[in-house]
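Residue numbers (our numbering), protein chains in the order written: chain A, 12 to 262; chain B, 27 to 361. For each residue, glycine too, the CB sits at the ideal point set by N, CA and C. The structure presented is a predicted model; accordingly, all values stated were derived computationally and were not measured. Heads up, the thing below is written out as structure tokens.
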């Protein structure tokens with residue numbers, strides 16, 4: 012079997028006396044649809060920061076397609092194929108969706124230091140922008156400043172930008188957070204239509220979304236990996252019901 | 027979706043991405059007007075030259091502050107290095123202005139490259155202090171090393187004609203203004219081009235959301251270092267122009283007030299669209315000229331007043347007011 016798309020080996024992160032991530036090992040296979048769940052304070056954010064390279068681990072290693080990337084900065088990991096979205100939109104408010112996507116694509120192609128050619132003058136890039144706009148239903152707002160977009164469209168752009176990096180692994184940090192009910196369907200449809208070859212790790216609170224989307228679920232509790240398995244097994248697991256579903260399990 | 031529709035959308039997308047590429051009539055008129063003024067007002071060539079140089083200096087700040095969103099209160103460091111660089115080169119026999127300008131500006135760029143890493147850490151306040159500190163240090167170095175810089179006496183220099191053809195200086199003030207105009211215009215074209223390039227787009231991204239820029243794989247530190255060095259080269263070119271066209275350079279090129287004035291100019295004219303520096307420099311220097319003619323002691327009172335009004339009302343609102351005014355007087359004239 013080929014190397015996992017993304018692998019964590021014995022990750023530990025201590026902040027002073029607090030151990031936020033405690034010996035976490037797991038793997039995301041190529042093309043996987045995996046979810047990471049856990050109650051508030053379980054250490055999900057720290058784990059994402061460790062995987063993406065925002066925070067360096069106290070111990071352990073992060074491997075991308077079998078290669079150790081623990082020492083690489085986060086922007087280098089992106090160029091190696093690890094992209095992410097953010098729980099709170101991180102967009103470019105005064106740029107249009109077309110410009111934002113054009114930027115992401117030209118950076119991926121290594122053209123970001125080109126200071127002479129007009130951005131968007133290369134046909135290949137224009138084609139790709141158009142394809143992404145169409146895939147995420149952003150054609151009608153492509154030339155509007157991002158800050159004027161409805162929240163749901165901004166959420167879609169958040170995912171489109173990450174996909175424009177042509178990642179091997181995509182971390183989705185609560186993609187449906189804060190999206191009003193009537194726009195939720197668009198997000199779910201976009202998630203379902205993500206390219207099959209991209210491995211996806213979904214970090215989510217919304218259990219409907221997790222059980223609809225993921226074929227494998229990892230449960231993080233108090234910085235440790237409690238268990239891992241198929242959705243049916245996780246749903247039936249007594250320990251998960253106890254710690255994660257809390258009151259409901261007793262009621 | 028039909029094929030025709032797709033083609034239509036693609037054309038629309040491409041037009042949107044390239045919407046700033048073509049020179050607008052207002053831009054052409056802007057540059058033509060400056061050129062006309064240089065020829066029409068020979069007695070004010072000195073003032074025009076001062077405006078063009080200040081405009082270039084403000085453009086240098088716009089690259090780093092307006093485009094990239096990194097604050098600096100130390101642009102005078104590069105202005106001063108450019109000015110002394112050009113003066114010293116000419117004192118050692120290199121008196122042809124264009125070559126001197128290139129070398130002086132390259133020297134400023136090197137200094138920019140060397141000090142850029144200081145900008146990468148800390149907050150805006152840290153950056154203001156660090157950039158200011160660097161320019162204070164350089165001013166004092168120039169003061170101490172009078173064997174090279176002439177110290178408090180400054181340096182008087184003699185320049186040969188530009189490209190061996192056009193004499194500049196007191197006997198050729200119009201030529202001096204034309205020389206500054208050509209340098210400003212060429213560097214402006216470069217900056218305009220850069221702002222629309224993928225590199226320029228990435229600088230906008232760094233300004234708008236540095237976290238996301240990094241998450242797209244951009245090394246934001248390297249981009250900041252790159253544009254800071256370029257901004258230093260522009261400021262150095264402005265300093266070199268001042269030294270060459272006035273044929274004197276003194277320690278005041280490193281003064282703190284230069285860094286502060288250039289920031290004022292950029293804020294008056296508006297940061298981020300490249301013309302703001304030139305517009306602001308024009309307003310600033312013309313106001314200074316007119317008001318200091320009437321009340322030599324108190325001209326800064328009015329500049330201060332303008333700044334307060336601008337910041338409180340907001341430039342966009344003022345532009346909107348002016349547009350409505352024009353509309354009521356001349357229906358259909360303003361777009």
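Using a Cβ cut-off of 8 Å (strictly closer), state whether residue i contacts chain A.
i	result
residue 359(B)	Because residue 359(B) sits at a pLDDT of 44, beneath the cut-off of 50, its placement in the model cannot be relied upon, and the point is left open.
residue 237(B)	yes
residue 241(B)	yes
residue 43(B)	yes
residue 263(B)	no
residue 138(B)	no
residue 53(B)	no
Starting from the beta carbon of residue i, find every residue of chain A whose beta carbon is closer than 9 Å, and list them in chain order.
i	result
residue 36(B)	137, 138, 141
residue 320(B)	Result: empty, since nearest Cβ-Cβ is about 41 Å, beyond 9 Å.
residue 230(B)	103, 105, 106, 110, 114
Quick one: list the residues of chain A neighbouring residue i, beta-carbon separation under 7 Å, in chain order.
i	result
residue 245(B)	86
residue 40(B)	131, 137
residue 234(B)	103, 104, 105, 106
How would you list, in chain order, the residues of chain B whose beta-carbon sits under 9 Å from the beta-carbon of residue i?
i	result
residue 185(A)	Per Cβ cutoff of 9 Å: no residues; residue 185(A) is ~15 Å from chain B at best.
residue 126(A)	216, 219, 220, 223, 224, 225, 226, 252, 256
residue 42(A)	Residues of chain B passing the Cβ test: none, with the nearest at roughly 22 Å.
Candidates the options: which alpha carbon is nearest residue i's?
i	options	result
residue 96(B)	224(B), 154(B), 239(B)	154(B)
residue 298(B)	221(B), 190(B), 192(B)	221(B)
residue 121(B)	191(B), 138(B), 322(B), 137(B)	191(B)
residue 24(A)	78(A), 203(A), 202(A), 58(A)	58(A)
residue 19(A)	27(A), 135(A), 50(A), 62(A)	62(A)
residue 100(A)	238(B), 307(B), 48(B)	238(B)
residue 280(B)	132(B), 157(B), 72(B)	157(B)
residue 42(A)	27(A), 178(A), 130(A)	178(A)
residue 73(A)	238(A), 15(A), 142(A), 55(A)	15(A)
residue 55(A)	236(A), 118(A), 253(A)	236(A)
residue 121(A)	108(A), 102(A), 87(A)	87(A)
residue 253(A)	158(A), 80(A), 49(A)	49(A)
residue 271(B)	53(B), 72(B), 104(B), 145(B)	72(B)
residue 282(B)	199(B), 124(B), 103(B)	103(B)
residue 127(B)	138(B), 113(B), 140(B), 312(B)	113(B)
residue 181(B)	274(B), 253(B), 167(B), 99(B)	274(B)
residue 56(B)	314(B), 305(B), 316(B), 256(B)	305(B)
residue 183(A)	241(B), 37(B), 234(B)	241(B)
residue 209(B)	334(B), 131(B), 307(B)	131(B)
residue 203(A)	89(A), 146(A), 29(A)	146(A)
Please list the partners that residue i has in chain B, where partner means a Cβ-to-Cβ separation under 7 Å.
i	result
residue 129(A)	44, 47, 222, 223
residue 154(A)	42
residue 123(A)	224, 225, 228, 244
residue 90(A)	243
residue 2(A)	Since the displayed chain A opens at 12 and closes at 262, residue 2(A) lies outside it and no answer follows.
With a cut-off of 8 Å on the beta carbons, I'd call residue i and residue j a contact; round off their distance for me.
i	j	result
residue 267(B)	residue 79(B)	5 Å
residue 175(B)	residue 110(B)	6 Å
residue 291(B)	residue 303(B)	6 Å
residue 132(A)	residue 50(B)	About 18 Å; that fails the 8 Å criterion.
residue 228(A)	residue 46(A)	5 Å
residue 163(A)	residue 198(A)	7 Å
residue 165(B)	residue 87(B)	About 18 Å separates the two Cβ atoms, so there is no contact after all.
residue 157(A)	residue 104(A)	5 Å
Between residue i and chain B, is the shortest Cβ-Cβ distance under 8 Å, so that the two count as touching?
i	result
residue 147(A)	no
residue 99(A)	no
residue 258(A)	With a pLDDT of only 48 at residue 258(A), under the threshold of 50, the placement of this residue in the model should not be trusted; the figure read from the coordinates follows. It does not; no Cβ of chain B falls within 8 Å.
residue 261(A)	Bear in mind that a pLDDT of 43 at residue 261(A), under 50, signals an unreliable position, so the model cannot answer this.
residue 117(A)	yes
residue 172(A)	yes
residue 166(A)	no
residue 95(A)	yes
Near-chain A residues of the segment 86-107 of chain B - C-beta to any C-beta below 7 Å: none
Relative to chain B, which residues along the segment 224-255 of chain A have a C-beta separation below 8 Å, given in chain order? none
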